[in-house]
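Trainee: Residue numbers (my numbering): 195 to 374. Note that CB positions come from ideal geometry on N, CA and C, so glycine has one too. All values reported here derive from a predicted model rather than from experimental measurement. The structure under discussion is supplied below as structure tokens; questions concerning it will follow.
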């Protein structure tokens, strides 16, 4: 489940270019932004209703028996559905759960949630690609640097998920979360 969350988290990053290679898409990916699943799917050569994904990935995403944990899975599910892929088996979307637990948080970023709940300061993408006018495309960064960042994000979502699930249970919010 954790690996799937990581894959979805990274569709807008280096994960998309891995999918691109596996899908046989020949054109290079454009500059992809954090959690921009739509661009990631479109970079695979897919338009609405016809995502071109490796069959093994599609089967994994659509298998409800394989539980998915990640950050921003609700957004990923919507965008994937627009491209004909049904994301099934969402167990914990840490973004949605965090927002439900603290609705005053305008955008529950995984980095901030990890700092708050795990007292862990995550590596920011900006530390790898830079920011502002001097920033570079994630595609121009050494894959090893992005893989470390992506692995950390997947691990953070996996560590945050049981914490927010427990907090939702304690606050009697689990039924509300399950309806969302």
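1) Only counting the same chain, and skipping five residues up and downstream in sequence, which positions put a Cβ closer than 6 Å to that of residue 367?
2) Report the residue from 265, 291, 247 whose alpha carbon sits nearest the alpha carbon of residue 372.
3) Along the beta strand (DSSP E) that carries residue 286, what are the first and last residues, could you check?
4) As a quick exercise: from 364, 279, 360, pick the residue whose alpha carbon is nearest that of residue 375.
5) Who pairs with residue 264 in a beta bridge, going by DSSP?
6) Taking buried to mean at least 16 other C-beta atoms within 10 Å of its own C-beta, is residue 302 buried or exposed?
7) Do residue 308 and residue 255 have their C-beta atoms within less than 9 Å of each other?
8) In angstroms, rounded to a whole number, what distance separates the CA positions of residue 326 and residue 320?
9) In three-state DSSP terms, what is residue 303?
10) Any idea if residue 337 is buried or exposed, counting beta-carbon neighbours within 10 angstroms, 16 or more meaning buried?
11) Out of curiosity, what's the CA-to-CA distance linking residue 299 and residue 305?
12) Where do the ends of the alpha helix (DSSP H) carrying residue 368 lie?
13) Quick one: using the 10 Å Cβ neighbour count with 16 as the cut-off for buried, is residue 201 buried or exposed?
14) Please identify the residue among 363, 362, 355 whose C-alpha is closest to the C-alpha of residue 261.
15) Counting C-beta neighbours from all protein chains within 10 Å, is the total for residue 266 16 or more, i.e. buried, or is it exposed?
16) Could you check whether residue 286 and residue 359 sit closer than 9 Å to each other, using their CB atoms as the reference points?
17) Please report the Cβ distance between residue 339 and residue 263, rounded to the nearest whole angstrom; I am assuming they are in contact, meaning their Cβ atoms lie under 8 Å.
18) Skipping 5 residues on each side, what residues in its chain have a beta carbon closer than 7 Å to that of residue 284?
19) Closer than 7 Å by C-beta to residue 257: which residues in its own chain qualify, once you throw out the five before and the five after it? Chain order, please.
Mentor: Taking the definition as stated:
1) 294
2) 291
3) 284-287
4) With the chain represented from 195 up to 374, any question about residue 375 goes unanswered, as that position is not in the structure.
5) 287
6) buried
7) no
8) 9 Å
9) coil
10) exposed
11) 13 Å
12) 368-373
13) The pLDDT assigned to residue 201 is 43, lower than 50, so where the model puts this residue is not dependable, and the model offers no usable value.
14) 355
15) buried
16) yes
17) That pair is no contact at about 24 Å.
18) 262, 267, 271
19) 282, 283
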